[in-house]
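The structure appears right after this line, and notes come after that.
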Amino acid sequence: MNHRINLLASAIPLLLLLLLTLLPQPTTAVDTARSIQIMNESGRRTEVHWVHPQTGEMVLQSTPDILHGASFALNSYVGHTFEVRELAAKKTGVCAGEDETCRVDHFTVNSNQDQVIMIKEGVEVEHTDSKTIASKSASTLLDDCKSTAKSHLSSDPESAINILEDLTKCVQKGIAVEIERANEEIAFQATVRKDMAALVENYTCADESLNTTEAKRTEYWESGGEFGRRMKVSVMIDRPASRIHTIEDFLTDDECRAVEEAAAPLLHDATVADGSGGSHKSDSRKAKQAGIKVDWKGEARGDPIARLSRRVYDYVNHVLPFNIRENGQEDLMSIQYFGRGPDDETPDRYMPHCDGDCTGLDFKPGNRMATIVMYCDVPEVGGATRFRNSNIHIRPKKYAATFFSYIDPVSMKMDNQFTEHSGCPVVEGEKKIVTQWVRLGVDDRNPWNSFNTLGIKYSDAANQ
599 MNHRINLLAS AIPLLLLLLL TLLPQPTTAV DTARSIQIMN ESGRRTEVHW
649 VHPQTGEMVL QSTPDILHGA SFALNSYVGH TFEVRELAAK KTGVCAGEDE
699 TCRVDHFTVN SNQDQVIMIK EGVEVEHTDS KTIASKSAST LLDDCKSTAK
749 SHLSSDPESA INILEDLTKC VQKGIAVEIE RANEEIAFQA TVRKDMAALV
799 ENYTCADESL NTTEAKRTEY WESGGEFGRR MKVSVMIDRP ASRIHTIEDF
849 LTDDECRAVE EAAAPLLHDA TVADGSGGSH KSDSRKAKQA GIKVDWKGEA
899 RGDPIARLSR RVYDYVNHVL PFNIRENGQE DLMSIQYFGR GPDDETPDRY
949 MPHCDGDCTG LDFKPGNRMA TIVMYCDVPE VGGATRFRNS NIHIRPKKYA
999 ATFFSYIDPV SMKMDNQFTE HSGCPVVEGE KKIVTQWVRL GVDDRNPWNS
1049 FNTLGIKYSD AANQ
């Protein structure tokens, strides 16, 4: 009897604590629209077709093809069925199925949230969602509870195990339901937050009285080298996969002048990723830009651009545990926005976007995972940086920098849109910034420009 009492005393509080800390709230979402993330890990090129429920007609959804290692976002509805189809290799013209047939698999959108379709080896579909994840979480938690309780028992094992099995059957379903409800509420609240952020975007950009958001805390960082100094850092967000900092006096006047002089003959219209691995001009980003190669051999003699770039990587390594080197990284980018007055109908700005993957999925080697934006000239009116899903508003300050990272260094999961940001329209004056996009998994043999804008190596894409 004492063993039973001790077992219940140790196991029940653990299980009750799991239930109480979930704080479930019923979701009010009643629509059937669902957002699906599709990840291709099959080693082959694939495409996705919607299957017409009455005629069976196939309607292509993925344009361009989904390369191995790429992701594809799909908006659909509960009950819709899709076919995942292998495509023939470009070099051989055949598929890898039996008798060189192209393999297919299917999935149907269910009513759960956070659905992810993994196209695995053999072009086999693995369909996960909030409910299956919750069930797996519940099983894991209960296994841990059982293991802990068993380790404390020294006698009467048969009776103790019976008690544990009864407990498991009693609460397993309940925990899964509670976690599912919590996940649904999180998904619903995230949708509300994003919708509200989109609505207030233009109002916040137009409000010149809006100051930089108050920091959660302030700390100081000491830069190294001959020109090292102590800098004030304002930590705006400090989530595992979403960090946003501002750093005062990050760069100097001579560094700004050196960048501007190097950029002058190279300036051209800014481009954005086009969704197929390339880039193109877009109305969503109006600015001039120029990539600047860093003369690392000049670092020893005090080259100002090399000095600035070294400071960038030192700060990234101060925040993240990756020991990032300059080898294979993107060029420094000089970006310039010009104000043409309040009546300009198409002002220089950058619409909401993510610098890297912001789907909350696994990091893909060679991709961007952090950014530093440094301000050389700030406009009289406009030009703020807005992280709308985090409600962070940053007014540009001369010689300051904004750092943000979008990877969890422990789980290696990417940010889930908290670092999505925009550049408010420049109305009066000029905004001249220097940007460094920082990648993980690049080096001299695998430089940044060996990857396309989907984060896939060109050599791998060509062989699919």
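In terms of the working numbering, the sequence shown opens at residue 599 and continues consecutively.
Positions of the beta carbon are idealized from the N, C-alpha and C atoms, including for glycine.
Taking the Cα positions, F1016 is about 10 angstroms away from F1002. S840 and T810 have their C-alpha atoms some 18 angstroms from each other. Secondary structure at G691: coil, using DSSP grouped into helix, strand and coil. Proximity to E846 across C952, V831, G1039 peaks at V831, based on C-alpha coordinates. By the Cβ test, the region 1017-1031 is in contact with the region 978-986, since at least three Cβ pairs between them sit closer than 8 angstroms.
Rounded to the nearest angstrom, the Cβ distance from V892 to G964 is 19 angstroms, too far for a contact under 8 angstroms. In this structure Q652 is exposed. Its beta-carbon is surrounded by fewer than 16 other beta-carbon atoms within 10 angstroms. Going by beta carbons, N1014 and G958 fall inside the 7 angstroms limit. Within 10 angstroms of the beta-carbon of E645 lie 16 or more other beta-carbons, which makes it buried. If the five residues before and after V682 are omitted, its C-beta is found closer than 6 angstroms to the C-beta atoms of T644, V646, D703, I717, V723, all from its own chain and listed in chain order. Spanning the alpha carbons of R986 and S728 requires a straight line of approximately 25 angstroms. C-alpha of Q934 to C-alpha of K995: approximately 15 angstroms in a straight line. In the DSSP assignment, P902 falls within the unbroken alpha helix (DSSP H) covering 902-917. About 17 angstroms separates the CB atoms of M972 and L865; that is not less than 8 angstroms, and the two are not in contact.
When the five nearest sequence neighbours on each side are left out, the beta carbons in the same chain lying within less than 6 angstroms of the beta carbon of G896 are those of A904, in order along the chain.
As a beta-bridge residue in DSSP terms, Q887 pairs with H866, I933. With a beta-carbon spacing of about 6 angstroms, M1012 and F961 fall inside the 8 angstroms limit used to define contacts.
Its chain contains H647, W648, H650 as the residues whose beta carbon lies nearer than 7 angstroms to that of V657, once the 5 sequence neighbours on both sides are disregarded; these appear in chain order. The Cβ atoms of D901 and G822 lie no closer than 7 angstroms to each other. When DSSP states are grouped into helix, strand and coil, E698 belongs to the helix group. Note that the C-beta distance between A885 and A861 is not below 7 angstroms. Judged by DSSP secondary structure, A856 falls within the alpha helix (DSSP H) whose first and last residues are 851-861.
Using a Cβ distance threshold of 7 angstroms, E684 and V721 count as a contacting pair.
Here I731 carries a helix assignment [DSSP, helix/strand/coil]. Going by beta carbons, L1038 and M967 fall inside the 7 angstroms limit. The DSSP-derived three-state label of N800 is helix.
By alpha-carbon distance to N673, the top candidate from T706, E799, D836 is T706.
Burial state of S1009 is exposed, judged by a 10 Å Cβ sphere holding fewer than 16 other Cβ atoms. Y1056: member of the alpha helix (DSSP H) spanning 1056-1060, first to last residue.
Between E820 and L906, the C-beta gap is not smaller than 7 angstroms, which leaves the two residues out of contact.
Y997 is not bridged by DSSP to any residue.
L685: not part of any beta strand (DSSP E); DSSP gives it neither H nor E.
Following the DSSP letters along the chain, one finds H678 in no beta strand (DSSP E), marked with neither H nor E. Counting the other CB atoms within 10 Å of its CB gives K688 a total below 16, which places it among the exposed residues.
Straight through space, the alpha carbons of E719 and G695 are spaced by roughly 11 angstroms.
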